[in-house]
Structures are given as C-alpha cells and as structure tokens.
DNA sequence: ATGCTAAATGTAACCGGTTTCATTCCGTCC
DNA sequence: GGACGGAATGAAACCGGTTACATTTAGCAT
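Residue numbers (this note's numbering), protein chains in the order written: chain A, 1 to 344; chain B, 345 to 688.
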C-alpha cells in the first residue's frame, strides 16, 4: 500500500505548470486550432505525453453543452432484426461523430421508462425508440427536456414523435395476399407476444375484418424452437389449414423446420411465409418466402434523422420505408397439397 | 424567429432563485439524502417541476469523477453471438448502474483503435473488448489512462489484460474429436475470415499438427448463404470428404442446408458439426451437433468483472468458461455414408 | 434567562476544462 | 524614433453542479 495512495487525476493545470504556460495555452494546443507558436506547442505536447494527460470528457461537455452521445431503447439485442438495425445505426451515427448507448426494454414499459431515465441521466442528446407506445412517464421525460426522439420500426405520420419505419399492417397484408392468391383459406398465424408490442399488434390488424380467410392465431415465444414445436403440434394430424403465416422470420423458419420434421412438404403440402427477411431465410430449402423489412436502411435513416435533429435542430419528418415480398413462390405455393385433400 | 431565441439551459441556480433558497439546498433536494425540511423540499420540488429542470449529467460527472458509462468494442452487432453477449452484458451492467456504449470494429484494428479513442473521449470508465489482439495505439491508450479493460471471447491467463472467455482452440478440438471418434478422416473446415480475428485463428490451431486427419480449409464470409454455396460446390461431385467442421454455427447451418439441397443425407452421408450453439441450431432437422459457447454467461461474468473493477478498483482475475458438446450424435454420425463409399 | 446541541440553510470554493479580453512583444512603416 | 498592427500568451471569469464549512435557528436542560 506504500505508494498507491493519492492518485489524483492529471489535469490541464498540471500540464500548464509543467510546460510553464497558462491553462489557456494548453487548451489551445489540445484543440489544435488556435494560434500557438511551434516551440510552445512542442513543449506543451511533451508535458502532455510525460504526464499521460487525457482531458476530461465531462469538463469538456460542461462547456460545450454537448456529450455527443445518443441512446437507443430496443426490446432486446438478442434478435437479428434489432441487432442488424443497431449495427447500421451505430455505424451511421459514428459518421456524425455520435456514440450510441444501448438499453434493452424487454418489451416492458416500466423498464423502458426506467432505462430512458438512465439514459437522460448520463446525458444523451437524443433517443431512438422502437414502436410508438410510450409510458406516460417516458413521454413526460421527453417533453420536459424536449429531447430529440425518433421512433422506429413503425411508420405513423400522425404520431407526435417523428417515425422512421415501415407500415407493419401493410407488410402483414402483403404476406396474406400472397397466400390468398394461392387459394389458401385456412391459415395459421404464428406470432410473438403481443402484449406491449405495438409492431406485432399492428401486423395482427391485417387480419381483422378479412372475410376471405379463416385464421387460427398462435401466440408463442419468439424463437425458432417454439415455432417448430407449434408446427409439429398443429400439423401432427391432418387438418384443413394449408398455410402458416408467421409474423416474423424466426417463427417462419421454425414452422418450416417443424413441418419438415413431420415429413410435410413445403410448399407442396403446406405453404409458409414470414416477415423480416433474415439472411438465413434465403438459405433454407426451400428458401423462405418472406416480406423484406429494410432494417439496415432504417438504421441509417434513423441515424441521419436523429443526427440532424441533434446537430442542427431540424426536426425530421416521418419517413416511410417500403417493404417488399421476397422469393414469392419459394415456400408458398397454390393450394393442392395432400394435407388439404385429406383434411377436406 | 420571434420567440425562439436565447433558450438558455435551466440551471440549478434558476431553481434556487425561484424557490428562494441556496444552490446547496437545491442540490440536497436533488440528491434526496441530506437534511432538508419538508416545507423547503416541497417548495424546491415545485420550482424544479415548474422550470422543467433536469440536472446536467456533465456537471455531475465533473464533480464525482464518474460517468457511469462503459464501452464495448465488438466486431459487429449483426451476428447472433455478439448480440446475445451484449444483451446479457447490458442487462447485467444495468444492475450495477452502468450504461453501455457500443462500438463496432468490423475486425479492423485501425477502426478499433479509432473507436476506442472515441469511447475514451466521451468518458467511459471501462472497456470490454473482443479477443486479445490489440493495435499498439489502443494498448497505449489503455496504458495511458490505465483504464479498466476486460478482454472477452478468449481465455488467456497470460495476457496482460484480464480475460473472460472460453478456450477457442479447445472448443474446436472438441468438435474435431467428435468427428474423429466417428471415424472421419477427410474433413472440410469451414471458417470465416481469419485476418484480424484471433478467435478464429485460435480455433484453427486445433488442426495444426494433427496427424490423424486430412483437412481442407475453406475460408468464406460469415453467413449462412456463403456456407451453403460452399457446401454445394464442395459436394456437387462425390469426394472423399465425409464431414464438415464449421468454426461457427452460422456456417454449419449453411453447410447443412447446402447438403440437404443436394439431397445428401446428414448425418447419413456427411456429418456436420458447428461451434456456438445458436438457438436455431437446435431446431433444424437434424438438429445441429455443436459446441456450446456460454456467451450469455460470458456477458454476465464480463459485466461483473468490469463493474467490480470500475466501482471498487479490484482488478479481476482471468476467468475460463467451459464449452460443451451439444447433441453429440445428431448431425454427426459414424463414417459409412455413400459419399465416402463412392469417393474411396 | 443562559448555554448547549442539533437541525436547517447559506456562502463560497471547487471540479477541469473553455473562452473572452487584456497584455506583452516584435517587426514595420512614416 | 515613435506609432501601429498582428501574433503569442496569460489572467480570470465561466460552465453547472457538489460540498466543506460557517451561520442561523429552534428546542431543551440548567
């Protein structure tokens, strides 16, 4: 313990003293710009190096009023969609000189509010949130600070925050249309938990008041195994259902695997369609028919929108990104399979 | 433009003035603890609410010397392994009152150094990095600030930073042994880019100086399609190779899909084994034989190690996490398939 | 009443930088 | 030779909180 005591932070004044200049001069050297003579600059730099001086971010921030940090609130990182989104977001934000703090909400509004509070406490200059359902607490917080906040994964021009996202209901409807065009009537809809998840709820809206088809809704945890198990249960015995429409690719893949484990041919006997277009969905056999959601693009656009807002004060306008059907006739086919024949 | 001008930040002095108390008292109310009379407290709180006052994080940080922010440098977020790791890391760090800034390196040492500099600039109190290969620039930076840094995804007690991770070489060797036990001699090793990736290189070491088997190494981008394509090419014609050992599950799944697309039976004709144990690997048919890497546990352990270091100053000791073979005989079987017969 | 203690509050220094403004120094021009 | 202008540097205020220490006030024992 002999020498370990009293390890005070090295400050700019220490440097100034060592280089025998004023703090102002050190500050100038630090920020490169001002006019400092070559000799002085070298002397100061030497002192900086000798003392291992690293300027305090906080002290800097207090003067500039800027932290160069923004936060993202996402349900989870453990899902390909959000992690791809964040990957693009982080990359683009870095281009604007902004760092990204992430916090996961686990779809819990209370936790979301608490995490948001935490982010504000550490001084984020802006926020990226998922979906448009906020707790009043969080709304109040945003209001109070009038913090730039961009809502993503959801397009809604009427929402009080700018949204950058796709139309979830429309994406689900594209998937549905594909099945209906193939003549499918009895459709199983696989979806993740809808409580607290407005994206899922929006997608489910596509099935409200649709007189054409007959739906069976199956809620399950958002993982491949759950959907695989569900499919094995659903199709263990012959039934009228000729298609699975999964509200996310993770579940669609699970359904595909489950059906294959039962020896049911896709799309021969049963059609499967997903939403998301994960990279792996292109590689299954058959490749998965799905609705592509441009999450990387969403990440970049959201980053730009937030960065402009933070840097220039210009509040972005809502931005709608187009979803698009991929591999339309890969894991979706016309009704004709044995399953249906048997079932009828 | 009439009223928009001059929107100065609301400060603690404003609140003090409005509530007709000193700044010290406001600060006390803010921090809850000190002894303030009920009446005063209410008056101050009213002023805070009326003015929408939110304390400045930077000002706070400058006094406490703490930012309560740590950074993580990972190759990418767009990979299940890292995103699961970060999900666990973030969750656990939150428990210690620490926020997480993420930065992606794309396996580029220069970018890593640059991002690390950025993290230090915003005032992170500690860092989580992947692997043990640092650029000298980054090492110098760590040294200079003597910043708490924990290296993950790699176990190496001799490294100059504490590591929390698994033994990559050993994990690869477990996978290899499984194949060798099944009598496999000619093995295709699928792996991602090894340049700048010490985890991959460590795994590849498992195959050096192994006299028993004959390896064909195939480097490819780390995605399902690449491995699927590779498998289709590799096995389009009969060949001696009877097994694919993929250094990550993403590639193993790709190989599995590719083989299935060719109508080659797994594990009947060709065995496939991966490393990682992604959730989806349990759901394929057959389920993937793989070496489980405890990434969530690693996230929690790394969080704890770093938090203790940051909060209490206790430098953690290296921690080794055990990897474990999963579903040993699912997509791996004894040599006996047609492919080999034809090939020999 | 007087003195003492604890509670409540205020004053002012301080954290570690940035920045304004003043000052010094030097070369140049008339 | 003295006035002028720009470059280089320094002194000190300032950013927005926290906190050590001083001061006031009230309650209570003597």
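Where a beta carbon is used, it is the ideal one built from N, C-alpha and C, also for glycine.
From a predicted model like this one, the values you see are computed outputs, not experimental measurements.
Please tell me whether residue i and residue j are closer than 8 Å, where the distance is taken between their beta carbons.
| i | j | result |
| --- | --- | --- |
| residue 618 of chain B | residue 634 of chain B | yes |
| residue 610 of chain B | residue 675 of chain B | yes |
| residue 120 of chain A | residue 100 of chain A | no |
| residue 546 of chain B | residue 581 of chain B | no |
| residue 623 of chain B | residue 665 of chain B | no |
| residue 631 of chain B | residue 598 of chain B | no |
| residue 531 of chain B | residue 587 of chain B | yes |
| residue 425 of chain B | residue 620 of chain B | yes |
| residue 354 of chain B | residue 369 of chain B | no |
| residue 627 of chain B | residue 257 of chain A | yes |
| residue 427 of chain B | residue 433 of chain B | no |
| residue 227 of chain A | residue 251 of chain A | yes |
| residue 615 of chain B | residue 593 of chain B | no |
| residue 385 of chain B | residue 373 of chain B | yes |
| residue 334 of chain A | residue 196 of chain A | no |
| residue 138 of chain A | residue 103 of chain A | no |
| residue 461 of chain B | residue 497 of chain B | no |
| residue 653 of chain B | residue 492 of chain B | yes |
| residue 194 of chain A | residue 171 of chain A | no |
| residue 487 of chain B | residue 648 of chain B | no |
Below 8 Å on the Cβ atoms is my contact criterion, and I expect residue i with residue j to pass it. Report the Cβ-Cβ distance as a whole number of Å.
| i | j | result |
| --- | --- | --- |
| residue 470 of chain B | residue 650 of chain B | 5 Å |
| residue 440 of chain B | residue 655 of chain B | 7 Å |
| residue 430 of chain B | residue 657 of chain B | Actually they do not touch by this definition, with Cβ atoms about 25 Å apart. |
| residue 54 of chain A | residue 489 of chain B | 5 Å |
| residue 522 of chain B | residue 672 of chain B | 6 Å |
| residue 135 of chain A | residue 151 of chain A | About 14 Å; that fails the 8 Å criterion. |
| residue 438 of chain B | residue 67 of chain A | The Cβ separation is near 19 Å, so there is no contact. |
| residue 204 of chain A | residue 191 of chain A | 7 Å |
With burial defined as no fewer than 16 other Cβ atoms inside 10 Å of the residue's Cβ, what is the status of residue i: buried or exposed?
| i | result |
| --- | --- |
| residue 346 of chain A | In the structure displayed, chain A extends from 1 to 344; residue 346 of chain A sits before or after that span and is not available. |
| residue 65 of chain A | exposed |
| residue 423 of chain B | buried |
| residue 366 of chain B | exposed |
| residue 131 of chain A | buried |
| residue 556 of chain B | exposed |
| residue 123 of chain A | buried |
| residue 561 of chain B | exposed |
| residue 37 of chain A | exposed |
| residue 34 of chain A | exposed |
| residue 140 of chain A | exposed |
| residue 214 of chain A | exposed |
| residue 221 of chain A | exposed |
| residue 661 of chain B | exposed |
| residue 517 of chain B | buried |
| residue 507 of chain B | buried |
| residue 60 of chain A | buried |
| residue 182 of chain A | buried |
| residue 419 of chain B | buried |
| residue 342 of chain A | Note on residue 342 of chain A: pLDDT 40, under 50, position unreliable in the model; no value is reported. |
| residue 667 of chain B | buried |
| residue 511 of chain B | buried |
Within the continuous alpha helix (DSSP H) that includes residue i, where are the two ends?
| i | result |
| --- | --- |
| residue 225 of chain A | 224-234 |
| residue 543 of chain B | 542-549 |
| residue 415 of chain B | Looking at the DSSP string, residue 415 of chain B is not in any alpha helix (DSSP H); the run it does join, the beta strand (DSSP E), is 413-418. |
| residue 356 of chain B | 356-363 |
| residue 120 of chain A | 109-121 |
I need the boundaries of the beta strand (DSSP E) containing residue i, first residue and last residue.
| i | result |
| --- | --- |
| residue 296 of chain A | Run containing residue 296 of chain A: none in the beta strand (DSSP E); it sits in the alpha helix (DSSP H), 295-312. |
| residue 179 of chain A | No beta strand (DSSP E) contains residue 179 of chain A, which is instead part of the alpha helix (DSSP H) from 168-181. |
| residue 561 of chain B | 558-563 |
| residue 285 of chain A | That residue, residue 285 of chain A, is in no beta strand (DSSP E); it is neither H nor E in DSSP. |
| residue 103 of chain A | 99-104 |
| residue 663 of chain B | 663-665 |
At a cut-off of 7 Å, is residue i close to the ligand GTP when judged by its beta-carbon and the heavy atoms of the ligand?
| i | result |
| --- | --- |
| residue 278 of chain A | Annotation note on the ligand GTP: not contained in the displayed structure, which lists no ligands. |
(message) For the segment 9-25 of chain A against the segment 44-53 of chain A, do three or more pairs of beta-carbon atoms, one drawn from each stretch, fall closer than 8 Å, so that the two count as touching?
(response) Touching, yes.
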